[in-house]
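**Q** Quick one: the structure is below, and I'll ask about it shortly.
Protein chains: 2
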Amino acid sequence: MSGWLVIAGLGPGDDALITPEVSAVLAEATDVVGYIPYVDQVAHHPNLTRHSSDNRVELDRARHALFMATAGHRVVVVSSGDPGVFAMAAAVFEAIETGDSSWRDLNIRVLPGVTAMLAASAACGAPLGHDFCAINLSDNLKPWRVIEKRLRLAVGADFAMAFYNPSSKSRPDGFGRALQTLKDACNDARPMIFARNVSRPDQMINVVPLTDATPEMADMRTVVLLGSSQTRLIQRSGAPLVYTPRSVSAWAIHPRISSGVPASVRVGTQGRAIMTTGRPNTRAASILARAPVPPEFLDTIKSMLWSRNSARSASGVNGPREMITSWLGNGGGVRGGSTRRIT
Amino acid sequence: MSGWLVIAGLGPGDDALITPEVSAVLAEATDVVGYIPYVDQVAHHPNLTRHSSDNRVELDRARHALFMATAGHRVVVVSSGDPGVFAMAAAVFEAIETGDSSWRDLNIRVLPGVTAMLAASAACGAPLGHDFCAINLSDNLKPWRVIEKRLRLAVGADFAMAFYNPSSKSRPDGFGRALQTLKDACNDARPMIFARNVSRPDQMINVVPLTDATPEMADMRTVVLLGSSQTRLIQRSGAPLVYTPRSVSAWAIHPRISSGVPASVRVGTQGRAIMTTGRPNTRAASILARAPVPPEFLDTIKSMLWSRNSARSASGVNGPREMITSWLGNGGGVRGGSTRRIT
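Chains as they are written, first to last, in this note's numbering: chain A, -3 to 339; chain B, -3 to 339.
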């Protein structure tokens, strides 16, 4: 039996994002199997038979591909993006696990691809530049309670987030529900990115504060990203750049707190920094002087000081002015007027 | 000024995973900037000047690239994998935000790539086939307390997980600490995947139960994946296939509970299913008959019933026998002896 089965990712849409590995295997295939628009994307060659099917028949499609490979065909199952991220690879393995035992011995490979969230992130900057999660917002295969629990825990972990399948005709209300959960849990104006038809000629990128996001901004061709509490906007003449810094930076260091910091991680000989803000409702320095010290504070301070580059750049103007307001939450983001001084 | 700056991902290592988009831009570049092994991976052409630097100098490297682009050069900053995932894109934007304001007006683009976790996932099946998160385990730029909190919340959300930078010479103890946190929080034998030099000729994939994972299994060339509580192993003659099913499946439905399920989602006319298990210490059916009904139960049931394919496949032998033990936690995984009957 010389048949094989490959599950391949076609990337987010642009042919220039299909890896050479995938193109090579498609050129050798006798059969290509997948959702109609993805099969249509595959380059024609005379010996290739196309098997298109509608979505929501993933297991039937997987079994069809497995039958053909068992019969000696060279079969490629195509997904958009990466086949292992909310796509056909898991469906094929479900079919194998519950199907004919001979399917386990097939020559089977998964070829990775550029998944939509990476192309969406690249299109606006680097919002997934720090720890992040990817959640499928469809409740076709899991209950809403699970989705909402994951959203709340992801906010608690301060992950940046990528949301697949935010909305469809058969699920008109789901994204609104997710959005409300996120607004309640985040309680700030961090950037949300709506990336529609990413990498295609009609790509549209829309960056809005979470507070202004509305359900109709997403459809089934949209992948949605949400920044963490740390995510920054760089304003410029064109579209803003959105990115999440690599480091978890400190938002304030007060003398009373710094006395507990090991000497080796103090800033210079003073070991203290003072944060002030131009907005009267967020005078963090005076607030901190009265506040009890939360236990995670010392680690935050250490983190900031270890991150020498961050510490040095705090003497700049453009960066820290905005960074602090972002830390302070509500109404912050890029609109702030605060500043930080390290002494 | 005709200079530009592109931040491009070279994929996990194999040249066949570099997108044509990235290859095209490298052919036009005058300067390539990056960590030594990544610059070495770029194909030679006569007009290309190489600027290699060691790691840990990301901001200096970014500023150097920005200076050259401002001076009219066509500069590509290369990262392995995807540049937006724990790589150079965020570093460049940090440099822009805190640097000369003219840098904001540069022609700057990010080109996505196949990040390591996708190649690692493809190499062993589809362990990231359901909701997942990606965490950088280096504490160079964030405190350990943040990492540990994220690990615990990710287990609580039942995400599959990908871990970047698990270990290095300068951080010999970090991965052991993360591993202990995960073992304590998961308390089961879900599969952990160590993917070393993924996509390269000397690729090594090691799949072990979390309980058997040890710190020395990871080094700085390893990306580590961890299944969710749902992740499955398909045993076969070669290496096992690891995948996380697309659906959150129900692990038990009891008559007393099903009376609260809307009629539309009942199974047939009976609306009930009974779960039994061969292991005396996990006789879930009898346990459930005595237990109060947790509120998330109804959603779980609905999820299972909506997922028609799962429900049908529950009559198979190989699949559900293992699926149930996976749900039951402790000592479950692929070694179970339970079964489920839908009536």
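No residue lacks a Cβ here, since even glycine has one placed at the ideal position from N, Cα and C.
Quick check: F128(B) and A130(A), are their CB atoms within less than 8 Å of each other?
**A** By one-based count along the second sequence, residue 128(B) stands at place 132. By one-based count along the first sequence, residue 130(A) stands at place 134. Cβ distance < 8 Å, so F128(B) and A130(A) count as in contact.
**Q** Checking contacts by CB at 8 Å: is G(-1)(B) closer than that to chain A?
**A** Translated into positions along the second sequence, residue -1(B) becomes position 3. Judged by the 8 Å Cβ criterion, G(-1)(B) is not in contact with chain A.
**Q** I'd like to know if V261(A) contacts chain B, where contact means its C-beta is closer than 8 Å to some C-beta of that chain.
**A** Locating residue 261(A) in the first sequence gives position 265, where the first residue counts as 1. Note that V261(A) scores 27 on pLDDT, short of 50, meaning its location in the model is unreliable; the coordinates nonetheless yield the value given after this. Under the 8 Å criterion on CB atoms, V261(A) is classed as non-interfacial with respect to chain B.
**Q** With a CB to CB cut of under 7 Å and the five nearest residues on each side skipped, what residues in its chain are close to V81(A)?
**A** Taking the first sequence and counting its residues from 1, the one referred to as residue 81(A) is at position 85. Setting aside the 5 residues that flank it on each side, V81(A) is surrounded in the same chain by T111 and A130, each with a C-beta closer than 7 Å to its C-beta; the list follows chain order.
**Q** CA-CA distance, F171(A) and V28(B)?
**A** Mapped onto the first sequence, residue 171(A) falls at position 175. Mapped onto the second sequence, residue 28(B) falls at position 32. When rounded, the distance between both Cα atoms is 42 Å.
**Q** If we count the other Cβ atoms within 10 Å of its Cβ and call it buried at 16 or more, is I92(A) buried or exposed?
**A** As a working mapping, residue 92(A) is identified with position 96 in the first sequence. Label assigned to I92(A): buried.
**Q** Using 8 Å as the threshold, is the C-beta distance between I3(A) and S75(A) below it?
**A** Mapped onto the first sequence, residue 3(A) falls at position 7. Mapped onto the first sequence, residue 75(A) falls at position 79. Yes, Cβ-Cβ distance for I3(A) and S75(A) is below 8 Å.
**Q** Report buried or exposed for G349(B), applying the criterion of at least 16 other Cβ atoms within 10 angstroms of its Cβ.
**A** The shown model of chain B, from -3 to 339, leaves out residue 349(B), and the question about it has no answer.
**Q** Go ahead and pull the three-state DSSP assignment for I131(A).
**A** As a working note, residue 131(A) is residue 135 in the first sequence. In the three-state scheme derived from DSSP, where H, G and I count as helix and E and B as strand, I131(A) is classed as strand.
**Q** Closest to M213(B) by C-alpha separation, out of N193(B), V72(B) and P197(B), would be which residue?
**A** Along the second sequence, one-based indexing puts residue 213(B) at 217. When each option's Cα is compared against that of M213(B), the closest is N193(B).
**Q** So with CB distances below 8 Å, who are the chain A contacts of C129(B)?
**A** Numbered from 1 along the second sequence, position 133 holds the residue referred to as residue 129(B). Result: D127, F128, C129, A130, A150, A153 and F155.
**Q** Name the chain B residues that come within less than 7 Å of T111(A), Cβ to Cβ?
**A** What you label residue 111(A) is simply residue 115 of the first sequence in a count that begins at 1. By Cβ distance, chain B contributes L114.
**Q** Beta-carbon within less than 8 Å of D50(A)'s beta-carbon, same chain only, minus the 5 sequence neighbours each way: which residues are those?
**A** Counted from its first residue, the first sequence places residue 50(A) at position 54. Closer than 8 Å at Cβ, skipping near neighbours: Y31 and I32.
**Q** In chain order, what residues of the region 164 to 194 of chain B put their CB closer than 8 Å to some CB of chain A?
**A** The region 164 to 194 of chain B vs chain A, Cβ under 8 Å: nothing.
**Q** Could you tell me which chain A residues have their CB closer than 7 Å to the CB of T15(B), listed as they occur along the chain?
**A** Taking the second sequence and counting its residues from 1, the one referred to as residue 15(B) is at position 19. Those within 7 Å of T15(B) in chain A are A12, L13, T15 and V110.
**Q** Find the residues of chain A that neighbour D198(B), judging by a C-beta separation of less than 7 Å, and give them in chain order.
**A** Residue 198(B) sits at position 202 when you count from the first residue of the second sequence. The premise fails here: D198(B) is roughly 18 Å from chain A at the closest Cβ pair, so nothing lies under 7 Å.
**Q** Measure the Cβ-Cβ separation of P241(B) and Q226(B) and say whether it is below 8 Å.
**A** Looking up residue 241(B) in the second sequence gives position 245. Looking up residue 226(B) in the second sequence gives position 230. A contact, by the Cβ cut-off of 8 Å.
**Q** Please give the ranges of any beta strand (DSSP E) in the region 28 to 72 of chain A, keeping only runs that are unbroken, at least 3 residues long and fully inside the region.
**A** 45 to 49
**Q** Determine the direct distance from the alpha carbon of K165(A) to that of L237(A), and round the result to whole angstroms.
**A** Taking the first sequence and counting its residues from 1, the one referred to as residue 237(A) is at position 241. Taking the first sequence and counting its residues from 1, the one referred to as residue 165(A) is at position 169. Their Cα atoms are separated by approximately 31 Å.
**Q** When Cβ atoms are compared, which residues of the region 12 to 46 of chain A fall closer than 8 Å to chain B?
**A** A12, L13, I14, T15, P16, E17 and A20
**Q** Hey, quick one: how far does the beta strand (DSSP E) through L189(B) stretch, first residue to last?
**A** On the second sequence, residue 189(B) is found 193 positions in, with the first residue counted as 1. Per the sequence shown, residue 189(B) should be read as Ile rather than Leu. For I189(B), the uninterrupted beta strand (DSSP E) run begins and ends at P187 to R192, by DSSP.
**Q** Of all the beta strand (DSSP E) runs that stay within the bounds of the region 101 to 169 of chain B, which reach a length of 3 or more residues?
**A** 103 to 107, 128 to 132 and 156 to 160
**Q** Taking C-beta pairs closer than 9 Å, name the residues in chain A that S117(B) reaches, listed in chain order.
**A** To locate residue 117(B), count along the second sequence from 1; it is residue 121. Ordered by position in chain A, the residues that pass the 9 Å Cβ test against S117(B) are D78, G80, V81, A85, V106 and P108.
**Q** Roughly how many angstroms separate the alpha carbons of L107(B) and I201(A), rounded to a whole number?
**A** Residue 107(B) sits at position 111 when you count from the first residue of the second sequence. Residue 201(A) sits at position 205 when you count from the first residue of the first sequence. Whole-angstrom Cα-Cα distance: 15 Å.
**Q** Which same chain residues end up closer than 7 Å to T45(A) when comparing Cβ atoms and leaving out the 5 residues on each side of it in sequence?
**A** Within the first sequence, residue 45(A) is the residue found at index 49, counting from 1. Counting only Cβ-Cβ distances below 7 Å, and skipping sequence neighbours, we find T26 and D27.
**Q** Identify, in the order they occur along the chain, each residue of the same chain with its Cβ nearer than 6 Å to the Cβ of R52(A), setting aside the five sequence neighbours on each side.
**A** Here the question's residue 52(A) lines up with position 56 in the first sequence. Once the five neighbours on either side are set aside, R52(A) has no close Cβ partner at all.
**Q** Under 7 Å between beta-carbons, which chain B residues line up against A122(A)? List them in chain order, please.
**A** Locating residue 122(A) in the first sequence gives position 126, counting from the first residue. Result: G80, A85, A86, F89 and V106.
**Q** Measure how close the beta-carbons of G5(A) and D78(A) come, nearest whole angstrom, since I'm counting them as under 8 Å.
**A** In the first sequence, counting from the first residue as 1, residue 5(A) sits at position 9. In the first sequence, counting from the first residue as 1, residue 78(A) sits at position 82. Right, their Cβ atoms sit about 4 Å apart.
**Q** Going by beta carbon distance, what residues of the same chain come within less than 8 Å of A181(A), once the five residues before and after it are set aside?
**A** If you number the first sequence from 1, residue 181(A) lands on position 185. Excluding sequence neighbours, A181(A) sits near L147, R148, V151 and G152.
**Q** How would you write the range of the beta strand (DSSP E) that I230(B) sits in, first residue to last?
**A** Here residue 230(B) corresponds to residue number 234 of the second sequence, with the count starting at 1. Taken as a continuous stretch (DSSP letters only), the beta strand (DSSP E) holding I230(B) covers R228 to I230.
**Q** Alpha carbon to alpha carbon, what distance is there between N183(B) and V18(B)?
**A** In the second sequence, the residue the question calls residue 18(B) occupies position 22. In the second sequence, the residue the question calls residue 183(B) occupies position 187. V18(B) and N183(B) have their C-alpha atoms roughly 43 Å apart.
**Q** So G125(A) packs on A12(B), CB below 8 Å; how close in whole Å?
**A** Start at 1 with the first residue of the first sequence, and residue 125(A) comes out as number 129. Start at 1 with the first residue of the second sequence, and residue 12(B) comes out as number 16. Actually they are not in contact, since the Cβ atoms of G125(A) and A12(B) sit about 26 Å apart, beyond 8 Å.
**Q** Considering only the alpha carbon of each residue, which of H47(A), R186(A), A191(A) and L133(A) lies closest to P168(A)?
**A** Here residue 168(A) is taken as the residue at index 172 of the first sequence, counted from 1. Taking only the C-alpha atoms, the option nearest P168(A) is L133(A).
**Q** Decide if D36(A) is buried, meaning its Cβ has at least 16 other Cβ atoms within 10 Å, or exposed.
**A** For the purposes of this step, residue 36(A) is taken as residue 40 along the first sequence, with counting starting at 1. Per the 10 Å Cβ criterion, exposed.
**Q** Give a yes or no on whether the minimum CB-CB distance between I101(A) and chain B is below 8 Å.
**A** As a first step, residue 101(A) is located in the first sequence; it is residue number 105 there, counting from the start. Per the sequence shown, the amino acid found at residue 101(A) is Asp instead of Ile. So yes, D101(A) belongs to the interface.
**Q** Check the Cβ-Cβ distances between R70(B) and every residue of chain A, and say whether any is below 8 Å.
**A** Mapped onto the second sequence, residue 70(B) falls at position 74. Taking Cβ atoms only, chain A never reaches closer than 8 Å to R70(B), which makes this a no.
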